[in-house]
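These protein sequences, in sequence, are chains A and B.
Going from the first sequence to the working numbering is simple: count from 1 and add 168.
Going from the second sequence to the working numbering is simple: count from 1 and add 16.
Don't be surprised by glycine CBs; every beta carbon is placed ideally from N, CA and C.
Beneath this line is the structure, given in structure tokens, with notes to follow.
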Amino acid sequence: MMFTKETLQRAAKNARISLTEKEIEEFLPQISAVLNAFSEISRAEAKDAEPSIQPVPVKNAMRDDKAVKSLSEEEIFSNTRLKKDGYFKGPKVL
Amino acid sequence: MNAIEFTEMARKKEIDIVEHTCQVIENIEKINKNYHYFNTISKELAIEQAKKIAKSPKGTLCGLPVSVKDCICVKGVESTAGSKILKGYRPVFNATAVENAIKEGAIIIGKTSQDEFGFGSFNVNVGVDFEMPRNPFDIERCTGGSSGGSAGVTQMANFPHISIAESTGGSIACPASFCGVAGITPTYGLVSRYGLIDYASSLDKIGAMAKTASECRLMLGVIKGKDPKDATSIDAKEGDSAVKKVAVIKEALEVDEKIKDMVLKALDSKGIKYDIVSLPLTAKYANSCYYILATSEASTNLAKFCGFKYGAEFSLEDSYNAHFTKARSACFGKEAKRRIILGTFARMAGFRDAFYLKAAKVRTMIINEYKQAFSQYDALVSPTMPVLAPRLDELSKLTPLQSYMMDVLTVGPNLAGLPHMSINIGFSNRLPVGMMITADHFCEGKLFEMAGH
């Protein structure tokens, strides 16, 4: 399969990663080789198989709809300086 | 003295826990200068815990020094998963596994080094500004990864110690093998993942490393169990531990000739009779299946790291997307970028069915192939790794694809969520060789039975 520079840049942009020209030059043949090798999976006969999202059966876990103790405001904001009036201060959206 | 003997003595007050803890901290600070097994040594916390336990010594892990892989949260101790993007992050809670260990008297001595977010088999893919851990038997060689710091300190510790480690595709078995220690990766869901900085949620498993299998068992007994904070955790009844029939995996013998001979001789010397069983689908597709699923999950899990709520902080001068892009591009290491891009691509419109969905189906086939084998055998055996611990200069010449192919023996049981254990079976060229034992879901007892044989 062809993994082009444009595809690499599109995937990187979707992942919010900006690549330098040097990184593009390095990553393009590396990721391309990986995808070429791993595309062998397309030859596996898996028509009847259901996809496994977990390796063992997992039951839905529900709890009673009651308020439980959660982190305090102080704890929630303890790992950032970017805060104001009980909110995180984030970058501009518009 | 091993961890079991130590904790017995500690409970009887035959050990000065505070003095012992101080000596251990001094010891690991010394080791860390050249071997880099810890990203953080939690001296203050350890001494505080030791003082508390010394007043009332009790618990299964009474006074025992325990190290914790950096991706598993310890309250108040910097927990980075080996990534610059989490530099400075101090969790306000303990991971459930850590909480359970502390309740049983464990003393947390520090956070062990790892490949960034677990993205590696040799622990050379450390994050930006982090140090690579070195093999305890040859400082020019790798520890294996991604739980390299856990394995290295476990081997080098001249004090009783157990490490809480984590595996996604072989990150406990591989370094355990390269560093000559025992490492248990339990059934998926047996240990709560709450408080684990995730790599791939359907594959991540918290386990243990120690010098012996019985010490791994001690830790697993403490950290396992259903946890309301992790919906995928399971309260499983322990399965039958009797090992009557053993098989060696045919395709796993296509490795270094010396390693193969050592595995077969280890079984012979213990008087264990074995058949040879073929797992053709696993041999052919497990690696591609693993990397497609693991990177896909990683690319979504790591989307939350964006440089303002915790960890690395950047000024807010840019727009939303520009801010996230700047933080992620500056802080993620090369392998993290490659895997995120690979996973993002595997989920993109037009490629998703051919890669992600197909891999999820092939995963079912691989699980079924193992289940078929376990309908006949109690345990499957293989070498843990196809090679001895490589030199760091050899690794720097490997392409990512060549590096990924080294996981060929460990990704199978990880994909299928099966419990597996690597134990040391001796040395080749003065480097440790590991044998991997795999059992059916929730049959960890069979692994310990085999390992103690």
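Who are residue i's beta bridge partners in DSSP?
i, result
"M225/B", "S179/B and G199/B"
"P399/B", "M451/B"
"I383/B", "Note: I383/B sits in no beta bridge, so no partner."
"P149/B", "Its beta-bridge partners do not exist; DSSP assigns none."
"L212/B", "I88/B"
"T175/A", "Its beta-bridge partners do not exist; DSSP assigns none."
"A263/B", "D291/B and L396/B"
"Y255/A", "K252/A"
"V207/B", "K240/B"
"F443/B", "P448/B"
"R27/B", "Its beta-bridge partners do not exist; DSSP assigns none."
"P81/B", "I123/B"
"R157/B", "R407/B"
Expressed to the nearest angstrom, what Euclidean distance is found between the alpha-carbon atoms of residue i and residue j?
i, j, result
"R150/B", "G168/B", "7 angstroms"
"N228/A", "A405/B", "42 angstroms"
"I453/B", "A201/A", "32 angstroms"
"R368/B", "S304/B", "14 angstroms"
"T228/B", "I439/B", "8 angstroms"
"C89/B", "E213/A", "41 angstroms"
"V378/B", "G366/B", "19 angstroms"
"S315/B", "Q392/B", "38 angstroms"
"K253/B", "G461/B", "11 angstroms"
"R354/B", "Y420/B", "12 angstroms"
"A343/B", "I244/A", "21 angstroms"
"A113/B", "T341/B", "33 angstroms"
"A319/B", "T170/B", "33 angstroms"
"I222/B", "S166/B", "12 angstroms"
"A389/B", "A26/B", "44 angstroms"
"E410/B", "I33/B", "43 angstroms"
"R106/B", "S58/B", "12 angstroms"
"I124/B", "I209/A", "43 angstroms"
"M381/B", "E267/B", "17 angstroms"
"N247/A", "G104/B", "8 angstroms"
"F171/A", "F195/A", "11 angstroms"
"K289/B", "I357/B", "46 angstroms"
"L416/B", "L396/B", "Checking the sequence, you will find Pro at residue 416/B rather than Leu. Approximately 29 angstroms between the Cα atoms of the pair."
"A173/B", "D253/A", "48 angstroms"
"F54/B", "A217/A", "43 angstroms"
"E189/A", "L203/A", "21 angstroms"
"V142/B", "G255/B", "38 angstroms"
"N317/B", "T298/B", "26 angstroms"
"I178/B", "E120/B", "13 angstroms"
"T311/B", "G185/B", "11 angstroms"
Between residue i and chain B, is the shortest Cβ-Cβ distance under 8 angstroms, so that the two count as touching?
i, result
"S186/A", "yes"
"G258/A", "yes"
"E241/A", "no"
"I209/A", "yes"
"E193/A", "no"
"A235/A", "no"
"S246/A", "yes"
"E189/A", "no"
"E174/A", "no"
"S238/A", "no"
So, is the C-beta of residue i closer than 8 angstroms to a C-beta in chain A?
i, result
"H339/B", "yes"
"E182/B", "no"
"F390/B", "no"
"F324/B", "yes"
"E313/B", "no"
"F348/B", "yes"
"G205/B", "yes"
"T201/B", "no"
"A365/B", "no"
"P244/B", "yes"
"Y301/B", "yes"
"A192/B", "no"
"T360/B", "yes"
"E30/B", "no"
"Y210/B", "no"
"G433/B", "yes"
- request: Inspect the CB distances between the stretch 273–292 of chain B and the stretch 322–338 of chain B and report whether three or more fall short of 8 angstroms.
  value: Flag = no, the stretch 273–292 of chain B and the stretch 322–338 of chain B do not touch.
message: Contact between the stretch 198–212 of chain B and the stretch 424–441 of chain B is defined here as three or more beta-carbon pairs at a separation below 8 angstroms; is this criterion met?
response: Short answer: they touch.
task: May I have a chain-ordered list of the beta strand (DSSP E) segments no shorter than 3 residues that lie completely inside the stretch 315–350 of chain B?
output: Complete beta strand (DSSP E) runs here, min 3: none at all.
- prompt: Pairing CB atoms from the stretch 114–122 of chain B with CB atoms from the stretch 71–86 of chain B, are three or more of them under 8 angstroms?
  reply: Judged by pairs of C-beta atoms under 8 angstroms, the stretch 114–122 of chain B touches the stretch 71–86 of chain B, as three or more such pairs exist.
Meets three-Cβ-pair contact criterion under 8 angstroms: the stretch 421–434 of chain B and the stretch 305–314 of chain B: The stretch 421–434 of chain B, when compared against the stretch 305–314 of chain B, does touch it at the 8 angstroms Cβ threshold.
- prompt: So does the stretch 34–47 of chain B actually touch the stretch 118–132 of chain B, counting three or more Cβ pairs closer than 8 angstroms?
  reply: Result yes; three or more Cβ-Cβ pairs closer than 8 angstroms.
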